[in-house]
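Written below as structure tokens is the structure these notes are about.
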Amino acid sequence: MKIPLIPGLTNTILITAKAQWAEPAPRVEAAVVVKMWRILLSLLLFSSTVSGQDLPDNELQVNFNSYFDNFNVKIVYPSVSLTKKFSDSSTVNIRYLVDVISAASMRSHFDVDGVTSATEKEDGGGDDHPDEVRHEFGVGLNELLKGGILKGGVLSLNALYSREHDYSSFTIASLFTYLMAKKNTTLQIGFVRSWDKVFPQIRTWKKSKDVYTFSFNLTQILSRIFISQVIFSYNDNRGFLSDPYQVVQIIQNNQVVNYETVHPKSRVRKALGFRMNYKVGRKAALNFGMRYYWDSWQVNSLTTSLTFQQHLGNAAILGIGIRNYFQDKAFFFKPRYETPEKYMTVDTKLNEGYSNDYHIKLTMNGGYFKHLPFLSDENMQLNFRMDFYHRHSETPDWHSRYKNLYAYILSFGVRYHF
28 MKIPLIPGLT NTILITAKAQ WAEPAPRVEA AVVVKMWRIL LSLLLFSSTV
78 SGQDLPDNEL QVNFNSYFDN FNVKIVYPSV SLTKKFSDSS TVNIRYLVDV
128 ISAASMRSHF DVDGVTSATE KEDGGGDDHP DEVRHEFGVG LNELLKGGIL
178 KGGVLSLNAL YSREHDYSSF TIASLFTYLM AKKNTTLQIG FVRSWDKVFP
228 QIRTWKKSKD VYTFSFNLTQ ILSRIFISQV IFSYNDNRGF LSDPYQVVQI
278 IQNNQVVNYE TVHPKSRVRK ALGFRMNYKV GRKAALNFGM RYYWDSWQVN
328 SLTTSLTFQQ HLGNAAILGI GIRNYFQDKA FFFKPRYETP EKYMTVDTKL
378 NEGYSNDYHI KLTMNGGYFK HLPFLSDENM QLNFRMDFYH RHSETPDWHS
428 RYKNLYAYIL SFGVRYHF
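One point on numbering: in my numbering, the residue at position 72 of the sequence shown is 99, and numbering is uninterrupted.
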């Protein structure tokens, strides 16, 4: 059985995660981004795909990903996922991921001289655990509904738990998919709930972060060559929303005094986007997307993306793309603070900035390459992807002191249908 060429399959968590962060950047930009992004992005890899009212087939998937940047952040994160179809209406997915992180900012230590209202211990900044390892486990269920007014819809439920030496997270997610108008219209409604715990080794406290995300997605087939999609997402974050390892430096009495960063304890995020897929010629497609984001910290952003995909017969698909991003700053961000304030941050991702991401992707299907060991089997598929990412901030990064981040993201994956 050859693996079908279906670009743009909708991911269970992808729809609900559209507005989680102001910018959908690759994996990380610095050590702090690792902690914020990796749980969410691993959900994107974890959840089962559902195309219309069809359930996923039996499949084993193994991925190897890596990230390197000029901020001296290095990440390697292999994962394995198994999907099993137990009946015509039920499939189960289990997944395991481990990522190993090395970051200069994680190994740095800054004693906190000034104590803010959020501080319970007078030393902080870095971590004495130089190479961080995170383990993640997940399980998911897809169920085709056969009765009632929702007959024909697909309900997806997922649970994910991850833990490292200073952070833990438990997430549940659900997505309901329903086809209408002779299967030309797809409606999706999603919900994600996360319970996170932060317990840095350099602090005496343990704090919580709660996340709620609601999403709505409508996909419409307008013609044989044109598909459009509208996505809205609402995200509510509460609790500890800053980074315990960052410090704000203020000059007082001709001396540099280190303070902890302090962010508001709530943040509401919203995003509205649309995508268009247009068939070009017999074997090519053009995808254009645009998304506007706004939140209660007065961060506004605009993201545009353009991707071109070319089918190389039935054997392979080659894709190239670019994504551009512009962002305003949060209301409490300042290049420098003269005196301690209620809210203070050194996170340049909360300042004005822009970024560009360029990627190339190749998918190779088995059964068409008889002389290659892996690809001689028609149930096999190989995926390669490389991204080059550049981000510019108006102020230097708090640790590296660079205004420009340059990163490479490399991915290799194997899918086997059985």
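Virtual Cβ for every residue (Gly too), placed ideally from N, Cα, C.
Note that this is a predicted model, so its numbers are computed, not measured.
Outcome for residue i when other beta-carbon atoms lying within 10 angstroms are tallied against a minimum of 16
{"i": "E287", "result": "buried"}
{"i": "H444", "result": "buried"}
{"i": "K209", "result": "exposed"}
{"i": "T39", "result": "Residue placement at T39 is poorly supported in this model, since its pLDDT is 34, which falls under 50; the coordinates still yield a value, given next. Buried, since its Cβ has 16 or more Cβ neighbours within 10 Å."}
{"i": "M407", "result": "buried"}
{"i": "V61", "result": "Confidence at V61 is low in this model, with a pLDDT of 42, below 50, so the placement of that residue should be treated as unreliable; the coordinate-derived value is given next. So V61 counts as buried."}
{"i": "G167", "result": "buried"}
{"i": "D115", "result": "exposed"}
{"i": "S328", "result": "buried"}
{"i": "K376", "result": "buried"}
{"i": "P227", "result": "buried"}
{"i": "K397", "result": "exposed"}
{"i": "V17", "result": "In the structure as shown, the chain begins at 28 and stops at 445. Residue 17 is therefore absent and cannot be evaluated."}
{"i": "N262", "result": "buried"}
{"i": "R122", "result": "buried"}
{"i": "T118", "result": "buried"}
{"i": "L402", "result": "buried"}
{"i": "L124", "result": "buried"}
{"i": "M371", "result": "buried"}
{"i": "S183", "result": "buried"}
{"i": "E163", "result": "buried"}
{"i": "G340", "result": "exposed"}
{"i": "N280", "result": "exposed"}
{"i": "Q282", "result": "exposed"}
{"i": "G174", "result": "exposed"}
{"i": "I347", "result": "exposed"}
Residue i: first and last residue of the uninterrupted beta strand (DSSP E) it sits in
{"i": "W321", "result": "A311 to D322"}
{"i": "A298", "result": "S293 to V307"}
{"i": "V100", "result": "V100 to S114"}
{"i": "A186", "result": "V181 to R190"}
{"i": "V125", "result": "S117 to A130"}
{"i": "T334", "result": "N327 to L339"}
{"i": "S260", "result": "F253 to G266"}
{"i": "G346", "result": "A343 to Q354"}
{"i": "L245", "result": "K234 to S250"}
{"i": "Q228", "result": "Careful: Q228 lies outside any beta strand (DSSP E) and carries neither H nor E."}
{"i": "A277", "result": "Note on residue identity: the sequence assigns Ile, not Ala, to residue 277. Here the beta strand (DSSP E) through I277 covers V274 to Q279."}
Coarse secondary structure for residue i, derived from DSSP in three states
{"i": "S201", "result": "strand"}
{"i": "F218", "result": "strand"}
{"i": "K430", "result": "coil"}
{"i": "F95", "result": "strand"}
{"i": "K388", "result": "strand"}
{"i": "F359", "result": "coil"}
{"i": "S403", "result": "helix"}
{"i": "T422", "result": "coil"}
{"i": "L377", "result": "helix"}
{"i": "Q88", "result": "strand"}
{"i": "V55", "result": "Residue placement at V55 cannot be trusted, given a pLDDT of 39 that sits under 50; what the coordinates show is reported in the next sentence. Coil, per DSSP."}
{"i": "H444", "result": "strand"}
{"i": "N169", "result": "strand"}
{"i": "Y286", "result": "strand"}
{"i": "S438", "result": "strand"}
{"i": "E365", "result": "coil"}
{"i": "T372", "result": "coil"}
{"i": "Y194", "result": "strand"}
{"i": "Y395", "result": "coil"}
{"i": "S382", "result": "strand"}
{"i": "L82", "result": "coil"}
{"i": "D270", "result": "coil"}
{"i": "K45", "result": "Summary for K45: the model assigns pLDDT 34, below 50, so the residue's position carries little reliability; its value from the coordinates is reported in the next sentence. Looking at K45 - three-state DSSP - the assignment turns out to be coil, as it is neither helix nor strand."}
{"i": "L177", "result": "coil"}
{"i": "N3", "result": "Outside the shown range of the chain, which is 28 to 445, sits residue 3, and nothing can be said about it."}
Supposed contact pair residue j and residue i - C-beta distance, whole angstroms, cut 8 Å
{"i": "T204", "j": "V181", "result": "4 Å"}
{"i": "Y435", "j": "H417", "result": "Between H417 and Y435 the Cβ distance is about 11 Å, and since that is not below 8 Å, they are no contact."}
{"i": "N351", "j": "N383", "result": "6 Å"}
{"i": "A357", "j": "V326", "result": "5 Å"}
{"i": "E86", "j": "R363", "result": "Not confirmed; about 52 Å, so no contact."}
{"i": "G179", "j": "L172", "result": "7 Å"}
{"i": "H338", "j": "K292", "result": "In fact, because the Cβ distance is near 49 Å, the residues do not count as touching under 8 Å."}
{"i": "S93", "j": "V103", "result": "5 Å"}
{"i": "V225", "j": "Y194", "result": "6 Å"}
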